[in-house]
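Protein chains: 2
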Amino acid sequence: MASVAVVGAGMMGTAFCVPCADAGHEVRLVGTPLDAAIIDALKAGRAHPGLGVSLAASVQCFDVEQLGSALASVDAVVLGVSSAGIEWAARALASALSEAPRPVLMLSKGLELGARGLSVLTDAFEHGIEQAVGSRRAMHPVSVCGPCIAGELARRVPTQVVFTGRQPEVARRFAEWVGTPYYHVRVQADVVGVQVCAALKNAFALGVGLASGLHESAGGERGSVAMHNYEAAVFAQAVLEMQLLVARLGGEPATAAGLAGSGDLMVTCNGGRTGRFGALLGRGIGTGEAIRRMQGATLECLEVLAVLDRALSQREAPVRRDEVPLLSHLIAIGLHGAAPDMPFGAFARP
Amino acid sequence: MASVAVVGAGMMGTAFCVPCADAGHEVRLVGTPLDAAIIDALKAGRAHPGLGVSLAASVQCFDVEQLGSALASVDAVVLGVSSAGIEWAARALASALSEAPRPVLMLSKGLELGARGLSVLTDAFEHGIEQAVGSRRAMHPVSVCGPCIAGELARRVPTQVVFTGRQPEVARRFAEWVGTPYYHVRVQADVVGVQVCAALKNAFALGVGLASGLHESAGGERGSVAMHNYEAAVFAQAVLEMQLLVARLGGEPATAAGLAGSGDLMVTCNGGRTGRFGALLGRGIGTGEAIRRMQGATLECLEVLAVLDRALSQREAPVRRDEVPLLSHLIAIGLHGAAPDMPFGAFARP
């Protein structure tokens with residue numbers, strides 16, 4: 053039994069407390085500056101407003117002001133912030149983690165574009181800590197990827213995920229700590245490929261989601277005859293473009309075919325907000341109005357498309373735009389107001 | 053412009069007439085001995101009973117008794133029979149195809165287990181023709197694979213498929229013949245891998261489908277929080293096991309990640325009867341009762357599971373059962389009455 057602080061009380065951070073507590077650990081859930089209302093609800097024994105699930109009484113909840121005391125003496129730290137919160141987290145955790153180094157597990161997904169090109173978030177967080185404390189720190193955070201809808205994990209739906217990190221033994225130790233009969237963890241060595249897939253799947257799920265919106269605006273109804281052929285063609289092209297991007301960024305292309313790639317893309321299409329957002333765009337609703345209708349949900353797809361659009365414009369771009377016709381079209385739709393007109397003819401040979 | 057005979061007036065054979073006719077060809081649709089009622093309906097100008105779609109008046113319909121006259125002088129033959137109909141088709145077409153050899157395009161999907169182990173259907177059909185005419189005939193049929201729900205193709209939903217054959221130039225000629233603005237054809241050289249994926253996807257879609265049945269019997273409703281994590285873990289494992297089986301049978305494992313593999317699996321999960329059948333089994337309904345509730349729909353998943361079960365029992369089996377834990381469990385559920393108990397812990401490292 054260990055003590056674990058989960059920093060970030062959003063959907064995923066909170067859901068992660070469930071297997072952690074079920075595995076018998078002492079769990080401390082700490083809100084970020086954005087999570088005050090959530091922590092209030094949980095402290096009062098009410099359900100998490102987003103998840104609709106209450107936590108076990110053994111999980112202790114802390115406001116962001118109590119971060120220091122929450123972190124004191126825990127054996128490990130889990131980071132449950134969104135990609136946009138990585139910078140805040142690095143500053144907030146730097147002194148605690150440099151005074152008493154602890155293994156860090158990251159639930160965040162995304163890519164960061166910096167002076168050295170695109171970075172995966174474990175590297176970005178490590179770099180952020182170094183900036184904050186002014187010296188080199190080999191932290192080797194472990195990343196959690198693979199198909200996991202937070203609302204399902206919180207309800208103990210069978211789930212299989214990937215842990216990856218530059219020190220595989222730390223990833224393995226985390227896997228042993230939090231594995232439960234419903235939370236199955238695979239440790240994989242491809243730190244870059246796994247995290248690149250986790251970021252890209254949001255972009256590509258937008259493309260698969262277009263189909264149901266196009267179908268709906270053509271007067272169609274949901275069912276077994278809809279625009280599933282369109283969805284599947286986009287899905288397969290997405291896996292191929294993920295393989296190419298993973299390879300160019302230094303990962304293993306085979307990763308994109310497995311749990312972190314095709315599996316995570318599948319779950320994002322079927323259960324994620326990105327698919328619903330794509331359906332709105334497929335209906336011909338513009339990006340601005342579609343964002344409004346998503347009622348403030350975090351749209352990682354637009355964040356990752358924006359990062360990739362900038363990366364693809366650089367002189368040292370990892371791929372040419374014509375090598376990734378699907379991704380290029382999604383950038384045009386999501387960021388530049390283009391209407392969906394899927395370039396099937398340009399799709400790479402399977 | 054060419055003249056084409058489509059033999060088999062089931063859902064897929066009939067749907068294939070739509071791009072064929074739209075591409076400007078003279079199309080003759082010929083029923084098998086099982087298709088009398090369908091041909092009657094189409095001849096009377098009514099909709100296809102399964103598809104709910106009427107054909108263009110330019111498509112001529114023929115009974116099985118008129119097969120000889122229908123085949124006379126056509127430039128190409130399209131085979132729209134199920135895998136169980138391959139043997140009949142080889143006997144029925146042998147003399148016409150040996151007297152006047154014509155390129156053959158096959159819409160059938162499946163695997164055949166013979167004295168030489170597992171065969172893809174293009175090889176099985178070629179072998180059947182040889183048996184019927186008593187001499188070696190290099191026919192090199194072309195196979196159509198990839199994600200294509202017949203009811204969507206008949207409604208001109210954007211669709212992307214793979215044509216593959218042992219003579220790539222014949223596959224390319226067919227692709228030029230039938231490509232339309234909504235029917236996109238990719239020619240791929242991996243004859244074995246593409247067809248193995250087309251057969252296996254039915255088996256694996258059964259596994260993905262279990263999740264919605266399990267969710268339903270636990271009292272859950274359809275929605276973004278269901279058992280999508282379970283579905284996605286099974287989906288990713290399916291792609292990995294397809295890669296392994298493709299490799300062992302002499303194909304290219306990369307094929308399983310693309311249109312013929314992950315794409316076709318995706319469409320079968322979302323729109324196919326196999327997924328609905330899997331959901332019934334997931335609800336704990338036995339195979340016999342589930343078959344009854346599918347009201348006579350062809351269940352390719354059970355056919356391919358039975359072929360694989362026999363192949364895996366042979367001394368020269370292409371894989372050991374413990375190398376394909378998902379497939380082995382699906383065989384146990386679909387054929388031997390086992391209850392769903394997904395072996396996530398045995399799933400291969402992604």
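As you go down the protein sequences, you meet chains A and B in turn. Numbered according to my numbering, the first sequence spans residues 53 to 402. Numbered according to my numbering, the second sequence spans residues 53 to 402. Positions of the beta carbon are idealized from the N, C-alpha and C atoms, including for glycine.
- The criterion of a C-beta distance shorter than 8 angstroms is satisfied by A122 of chain A and R80 of chain A.
- As the crow flies, the alpha-carbon of L157 of chain B is around 51 angstroms from that of F68 of chain A.
- With a threshold of 8 angstroms between beta carbons, G310 of chain B makes contact with chain A.
- When Cβ-Cβ separations below 8 angstroms define contact, D316 of chain B makes contact with chain A.
- Look at V376 of chain B: its C-beta is not under 8 angstroms from any C-beta on chain A.
- As a beta-bridge residue in DSSP terms, V129 of chain B pairs with B:A57, B:V156.
- Excluding sequence positions up to five before and after W140 of chain B, its CB lies within less than 8 angstroms of the CB of T84, P85, V133, all in the same chain and listed in chain order.
- For Y282 of chain B, the secondary structure class from DSSP, reduced to helix, strand or coil, is helix.
- DSSP, reduced to helix, strand and coil, places Q212 of chain B within a strand of the structure shown.
- Taking every protein chain shown into account, the CB of G386 of chain A has 16 or more other CB atoms within 10 angstroms, so this residue is buried.
- Scanning B:P220, B:V246, B:E204, B:L252 for the CA closest to the CA of Y234 of chain B turns up B:E204.
- The beta-bridge partner set that DSSP reports for Q112 of chain B consists of B:R80.
- If you look at E139 of chain A, you'll find it in the alpha helix (DSSP H) that goes 138-151.
- Of the candidates B:N254, B:P193, B:S171, the residue whose Cα lies closest to the Cα of A290 of chain B is B:N254.
- Runs of the alpha helix (DSSP H) lying entirely within the segment 368-399 of chain A and spanning at least 4 residues, in chain order: 377-388.
- CA-CA distance, A54 of chain A to V222 of chain A, rounds to 14 angstroms.
- The Cβ atoms of V298 of chain A and A308 of chain A sit closer than 8 angstroms to each other.
- Annotated as proximal: H280 of chain A and N322 of chain B, with beta-carbon spacing under 8 angstroms.
- Between the C-alpha atoms of L94 of chain B and A369 of chain B there is a straight-line separation of about 45 angstroms.
- Taking a contact as a CB-CB distance under 8 angstroms, the pair G245 of chain B and E304 of chain B counts as one, their CB atoms being some 5 angstroms apart.
- Within the same chain, and ignoring the five residues on either side of G259 of chain B in sequence, the residues whose Cβ sits closer than 7 angstroms to its Cβ are V286, A290, G330, L378, L382.
- If you draw a 10 Å sphere on the C-beta of R207 of chain B, you find 16 or more other C-beta atoms in it, and that means buried.
- Close CB contacts of R238 of chain B within its chain, under the 6 angstroms cut and outside five residues either way in sequence, are with V214 (chain order).
- Within chain B, the C-beta atoms nearer than 7 angstroms to that of M394 of chain A come from P210, in chain order.
- For the options B:Q295, B:R373, B:V130, B:G315, the alpha carbon positioned closest to that of L159 of chain B is the one of B:V130.
- For the pair of segments examined, the segment 391-399 of chain A was found not to touch the segment 95-104 of chain B: the number of CB pairs separated by less than 8 angstroms stays below three.
- When secondary structure is reduced to three states using DSSP, L94 of chain B falls in the helix class.
- Residue state for C249 of chain B is assigned as helix, using DSSP reduced to three classes.
- From the listed residues B:E228, B:V277, B:V243, B:G104, the smallest Cα separation to H77 of chain B is found for B:E228.
- About 7 angstroms separates the beta carbons of V376 of chain B and L296 of chain B, which is inside the 8 angstroms limit, making them a contact pair.
- A straight line joining the alpha-carbon of A312 of chain B with that of V248 of chain B spans about 9 angstroms.
- For H236 of chain A, DSSP records a beta bridge to A:Q212.
- Here E304 of chain B carries a coil assignment [DSSP, helix/strand/coil].
- In this structure, L360 of chain A sits away from L262 of chain A, with a CB-CB distance that is not shorter than 8 angstroms.
- Secondary structure in the segment 159-193 of chain B: the beta strand (DSSP E) runs of 3 residues or longer, each lying completely within the stretch, are 163-166, 169-172 in chain order.
- Counting only the Cα atoms, T174 of chain B lies some 7 angstroms from H192 of chain B.
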